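Asker: Heads up, the sequence shown stops at 318 in this note's numbering, and the numbers go up one at a time, no gaps.
Ideal placement from N, C-alpha and C gives every residue a C-beta, glycine not left out.
Bear in mind the structure is a predicted one, so any value in this text is a computation, not a measurement.
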Amino acid sequence: MKRVKLLIFLLPALILLFVLPGIALAETTELTAVADSFVNDGYPENNYASAHSLVISHDSAYRWSLVRFDLASIPEEATIDSATLKLYLYDSSGDSSIPTMTAKILNGWSETQVKWSNRPMFDESTGLTVNIDTTPGYKSWEITDFVENWLEGELPNYGVGIGYGAGSFSRSFRSREYTSNHPLLSITYHLPEPSPSPEESAEPSSKPEVSPSPSSEAVAEEGATPEPSPSPEESASPSPEEESRKVLGLFSTGQALIASLILLALIGAVISFIGYARKPKEKKKKKSEKEEELDEEENNEEE
């Protein structure tokens with residue numbers, strides 16, 4: 016029974032010990048928009064690049080908003096877990112809850128030149144509909160597929176459009192030109208486990224062959240000029256591959272540290288359990304010794 020209790024007590028720690036090192040650490044980053052604006056069919060030649068608002072509406076005018084983010088900071092080898100577009104709502108009118116849609120933008124546009132008359136194409140078939148109420152604050156749209164397509168090169172990153180044509184409403188969000196509450200793109204991703212490079216895994220030869228270098232006299236006789244040796248600065252600068260291996264190595268080091276801490280906790284738990292199990296035995300031993308002493312005293316009294 017004691018062994019069963021010990022196994023139940025240690026099972027979660029054992030699972031963490033063997034499973035956690037194999038789990039890649041996730042990282043979340045929030046990007047701010049590098050371009051945003053909206054287009055208005057009521058004023059088809061107006062550009063709203065300097066406006067403090069991003070407007071979507073379907074009332075007296077039909078308006079769509081456009082937002083673009085720079086994804087250069089996301090590693091190429093990253094696996095995207097989730098991506099969420101966030102816009103801060105500060106003003107509303109019309110229906111209390113309206114359906115809005117995110118759509119991929121299919122061609123290029125300029126923040127300072129885009130207007131209704133030259134607006135880019137929106138692929139509404141790829142969008143997700145989200146109901147937006149009138150409560151001020153950040154509103155979210157899940158666009159994981161969009162970000163994956165952009166990073167994998169399936170579609171150029173022209174950004175995302177937000178709008179819809181149902182109901183009677185107007186919603187105004189803060190643009191990147193405002194002092195705060197800017198448009199955000201929250202991305203959670205993880206990197207693959209680093210694999211050993213061929214240079215690290217290859218076994219070094221016992222005695223590398225060294226070809227004899229020609230003497231200075233021989234070089235002078237042949238009239239050849241020796242090649243200059245690389246400067247210390249050139250030889251010391253790490254390559255991009257070495258830098259990426261260092262970054263990936265930090266993840267492995269962190270995982271190893273976590274595994275070591277779990278192992279120490281596991282050892283401490285075992286020691287504590289063993290000490291706890293010994294206490295009843297010691298009590299029983301003391302009790303039996305006292306009983307023997309009492310028996311001896313009774314025997315002596317009878318004699």
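#1: Contact between the region 189 to 208 and the region 40 to 55 is defined here as three or more beta-carbon pairs at a separation below 8 angstroms; is this criterion met?
#2: Per DSSP, Lys-130 forms a beta bridge with which residues?
#3: Can you tell me whether Pro-90 is helix, strand or coil according to DSSP?
#4: Look at the alpha carbon of Phe-161 and the alpha carbon of Ala-280, and state the distance between them as a whole number of angstroms.
#5: Looking only at its chain, what residues have a beta carbon closer than 6 angstroms to the beta carbon of Ala-233, apart from the 5 residues adjacent to it on each side?
#6: Please give me, in chain order, every unbroken run of the beta strand (DSSP E) with length at least 3 that falls completely inside the region 103 to 184.
#7: Which first and last residues belong to the beta strand (DSSP E) in which Arg-191 is found?
#8: Using 10 angstroms around the beta-carbon of Leu-100, count the other beta-carbons present and answer buried if the total reaches 16, otherwise exposed.
#9: Compare the C-alpha of Ala-50 against each of Glu-208, Ile-113, Thr-127, Phe-188 and name the closest.
#10: I need the DSSP call for Leu-279, collapsed to helix, strand or coil.
#11: Look at the alpha carbon of Tyr-58 and the alpha carbon of Arg-191, and state the distance between them as a whole number of angstroms.
#12: Just to confirm the assignment, what range does the beta strand (DSSP E) spanning Asp-74 have?
#13: Using 7 angstroms as the threshold, is the C-beta distance between Leu-104 and Pro-151 below it?
#14: Measuring only the C-alpha atoms, how far is Ser-65 from Arg-189?
#15: Check whether the region 86 to 94 and the region 69 to 78 are in contact - that is, three or more C-beta pairs closer than 8 angstroms.
#16: Beta-carbon separation of Thr-117 and Ile-158 under 7 angstroms?
#17: Between Phe-53 and Val-70, is the Cβ-Cβ spacing less than 7 angstroms?
#18: Tell me the DSSP secondary structure of Val-225 in three-state form.
#19: When burial is assigned at 16 or more other CB atoms within 10 Å of the CB, is Leu-13 buried or exposed?
#20: Tell me Asp-51's beta-bridge partners as DSSP assigns them.
#21: Grouping DSSP H, G and I as helix and E and B as strand, with all else coil, what is Asp-96?
#22: To the nearest angstrom, how far is the alpha carbon of Asp-106 from that of Ser-112?
#23: Considering only C-alpha positions, which residue in the set Asp-110, Ala-87, Ile-277, Asp-56 is nearest to Ser-183?
Answerer: In terms of the structure at hand:
#1: yes
#2: For Lys-130, which the question treats as bridged, DSSP gives no partner whatsoever.
#3: DSSP, reduced to helix, strand and coil, places Pro-90 outside both helices and strands of the structure shown, so it counts as coil.
#4: If you take the alpha carbons of Phe-161 and Ala-280, they lie about 43 angstroms apart.
#5: For Ala-233, the predicted structure reports a pLDDT of 41, less than 50, and the residue's modelled location is therefore unreliable. The matter cannot be settled from this model.
#6: 113 to 120, 144 to 147, 152 to 157, 175 to 178
#7: No beta strand (DSSP E) contains Arg-191, which DSSP labels as neither H nor E.
#8: Of the residues assessed, Leu-100 falls on the buried side of the cut-off, its CB having 16 or more other CB atoms within 10 angstroms.
#9: Per the Cα distances, Thr-127.
#10: Leu-279: helix per DSSP, three-state reduction.
#11: Their backbone Cα atoms lie some 22 angstroms apart in a straight line.
#12: It is not in any beta strand (DSSP E) - Asp-74 carries neither H nor E in the DSSP assignment.
#13: yes
#14: 12 angstroms
#15: no
#16: A contact, by the Cβ cut-off of 7 angstroms.
#17: yes
#18: For Val-225, the pLDDT reaches just 49, beneath the cut-off of 50, and the residue's location in the model is therefore unreliable, leaving the point undetermined.
#19: Given a span of 16 to 318 for the chain in the structure shown, any question on residue 13 remains unanswerable.
#20: Val-82
#21: strand
#22: 13 angstroms
#23: Considering only Asp-110, Ala-87, Ile-277, Asp-56, the residue with the shortest C-alpha distance to Ser-183 is Asp-110.
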